[in-house]
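A.B. asks: Chains V and A supply the protein sequences, listed in that same order.
Under this note's numbering, the residue at position 84 of the first sequence is numbered 84, and the numbers go up by one with no gaps.
Count along the second sequence from 1, then add 1000; that gives the number in this note's numbering.
The following block contains the structure, expressed as structure tokens.
Protein chains: 2
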Amino acid sequence: MKTLYDMERSGNCYKVRLLLALLGEDYEQVTVDLTRGEQRLESFLALNPRGEIPVLVEDGEVIWDSGAILVYLATRTADRHWFPDAALARARVAQWLAVAANEVHHGLAAARAIRLFGRAGDLAHSQALGRRALTLLDQQLARGPWLAGGAPSIADIACYPYVSVAEDGELSLAPYRNLARWCRDIESLPGYAPMAARPPSA
Amino acid sequence: MKTLYDMERSGNCYKVRLLLALLGEDYEQVTVDLTRGEQRLESFLALNPRGEIPVLVEDGEVIWDSGAILVYLATRTADRHWFPDAALARARVAQWLAVAANEVHHGLAAARAIRLFGRAGDLAHSQALGRRALTLLDQQLARGPWLAGGAPSIADIACYPYVSVAEDGELSLAPYRNLARWCRDIESLPGYAPMAARPPSA
Chain V
1 MKTLYDMERS GNCYKVRLLL ALLGEDYEQV TVDLTRGEQR LESFLALNPR
51 GEIPVLVEDG EVIWDSGAIL VYLATRTADR HWFPDAALAR ARVAQWLAVA
101 ANEVHHGLAA ARAIRLFGRA GDLAHSQALG RRALTLLDQQ LARGPWLAGG
151 APSIADIACY PYVSVAEDGE LSLAPYRNLA RWCRDIESLP GYAPMAARPP
201 SA
Chain A
1001 MKTLYDMERS GNCYKVRLLL ALLGEDYEQV TVDLTRGEQR LESFLALNPR
1051 GEIPVLVEDG EVIWDSGAIL VYLATRTADR HWFPDAALAR ARVAQWLAVA
1101 ANEVHHGLAA ARAIRLFGRA GDLAHSQALG RRALTLLDQQ LARGPWLAGG
1151 APSIADIACY PYVSVAEDGE LSLAPYRNLA RWCRDIESLP GYAPMAARPP
1201 SA
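Written out as structure tokens, the structure is:
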């Protein structure tokens, strides 16, 4: 059995929840409440010395870092398109995983955290980096249906969460037509699950 | 034939040069002079829209992002320990590739760029993040000979360059005994090549 240390509003955790939903895999959830600093407790730091969620535990093995967890799940599954075996196709996925961890994380996710959760930081700087992320992704999605090759991969799963909530950081998606199409395509995948179990208004 | 768009003093480029040296693979080098802004030329942005080195071109295929290039080269080679096939072993490598791209890059590499090259930035912040990177790596290297498992992997290759020049950013390696041992082990690998072709004093 898999256990995911998780928080609903975390886009990094949602990356893992989304892939697990698309793969149809069951798991248990343990909420780590970042608003109460639970990621800094000794018991949690023993799981992940970085003090971050998500963390996946399976059969006593602990895996941290959202990108690494995606690599783990995608390597195990029979559908090879999620993290291809061929070197060039795999490298293309790794490129966009790097954009997810860099421009998307320090741009889109940071702007959202500053606006929604009051995290300290330079909003204008994060928004500028976020626009750079949106432009990079939109240009790539003008060239093909998915970020890396002709099928969805963990590159798409890693980039989608913070793109889909970019407006939380006051970044409009309106100028990015290819991104809008790609978001709809992801939301049409069999098994797709939204970020929040229930819409905030429910 | 492989062509590497490169600059000698760039630790991100050195990651790729080091793996190529360890694998014994030949390549051509094209210097991209960051001090003259050559990474912002239209001709270079056509290769890498992020405007960063390294970029690897092989048989007309362009791969950017140092981590993605490492994944590409390691996936193609017969020595599977560089990027293992088993899901858990591969995830462990991906974890430390993420640390290389995050704490090491925004900590150690940023502090070095501020001190050596006059890049704008908050030195104290970068140094604090750099110390966090050194601590994380040192703790992991207390548990085993290499960052991920019992053999060297691209995780080691991705973290080593900016660790080895941490003192350029005024971060002492003296407190980190496991890191010092690991650096010596990397420097003892057959085919190891230093960052600079000739020592600066030569």
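The beta-carbon is built from N, C-alpha and C at its ideal position, and this holds for glycine as well.
(1) Would you call the region 146 to 165 of chain V in contact with the region 180 to 189 of chain V, where contact means no fewer than 3 C-beta pairs closer than 8 angstroms?
(2) Along chain V, in chain order, which residues have C-beta atoms closer than 9 angstroms to that of P984/A?
(3) Which of helix, strand or coil does DSSP assign to T77/V?
(4) Is the region 64 to 82 of chain V close to the region 1044 to 1056 of chain A, with three or more CB pairs under 8 angstroms?
(5) Under 8 angstroms between C-beta atoms, does R76/V make it to chain A?
(6) On the CB-based measure, 16 or more other CB atoms within 10 Å of its CB, does F44/V come out buried or exposed?
(7) Going straight from the alpha carbon of A158/V to that of K15/V, what length do you get?
(8) So what does DSSP say about I1053/A, is it helix, strand or coil?
(9) In chain order, which alpha helix (DSSP H) runs of at least 4 residues are fully inside the region 1128 to 1176 of chain A?
(10) Would you kindly report the start and end of the unbroken alpha helix (DSSP H) that includes K23/V?
(11) Just checking my contact of I1114/A with G1107/A at CB under 8 angstroms: how many whole Å lie between their CB atoms?
(12) Under 9 angstroms between beta-carbons, which chain A residues line up against Y14/V? List them in chain order, please.
(13) Any residues in the region 1078 to 1109 of chain A with a beta carbon nearer than 7 angstroms to a beta carbon of chain V? Which ones, in chain order?
(14) Note down, in chain order, all residues in the region 60 to 74 of chain V with a beta-carbon under 9 angstroms from any beta-carbon belonging to chain A.
(15) Exposed or buried, G191/V, counting other C-beta atoms within 10 Å across all chains shown (16 or more means buried)?
(16) How far does the alpha helix (DSSP H) with Q1095/A in it reach, from first residue to last?
(17) Give the C-beta separation of L129/V and E103/V to the nearest angstrom, bearing in mind that I take them to be a contact with Cβ-Cβ under 8 angstroms.
(18) Which one of L141/V, L116/V, A151/V has the shortest CA to CA distance from V165/V?
(19) Would the region 1016 to 1023 of chain A count as touching the region 1031 to 1047 of chain A if we require 3 or more Cβ pairs under 8 angstroms?
(20) Let me know if G169/V comes out buried or exposed under the rule of 16 or more other beta-carbons within 10 Å of its beta-carbon.
(21) Exposed or buried, which one is T1031/A when buried takes at least 16 other CB atoms within 10 Å?
(22) Note down, in chain order, each residue of its chain lying with its Cβ closer than 6 angstroms to the Cβ of L73/V, except the 5 sequence neighbours on either side.
(23) Relative to the alpha-carbon of G60/V, which residue among A100/V, H125/V, K2/V has its alpha-carbon at the smallest distance?
(24) Using a Cβ-Cβ cutoff of less than 8 angstroms, which residues in the same chain neighbour Q95/V once the five nearest sequence positions on both sides are dropped?
C.D. replies: According to the structure data:
(1) yes
(2) The structure shown does not extend to residue 984/A, since chain A spans only 1001 to 1202, so no value can be given for it.
(3) coil
(4) no
(5) yes
(6) buried
(7) 6 angstroms
(8) coil
(9) 1154 to 1164
(10) As written in the sequence, residue 23/V is Leu, which differs from the Lys given in the question. Taken as a continuous stretch (DSSP letters only), the alpha helix (DSSP H) holding L23/V covers 11 to 23.
(11) Actually they do not touch by this definition, with Cβ atoms about 11 angstroms apart.
(12) Chain A residues near Y14/V: none, gap ~17 angstroms exceeds 9 angstroms.
(13) A1087, L1088, R1090, A1091, A1094, Q1095, A1098, A1101, N1102
(14) E61, I63, W64, D65, S66, G67, A68, I69, L70, V71, Y72, L73, A74
(15) exposed
(16) 1087 to 1099
(17) 6 angstroms
(18) L116/V
(19) no
(20) buried
(21) exposed
(22) L19
(23) K2/V
(24) A148, A155
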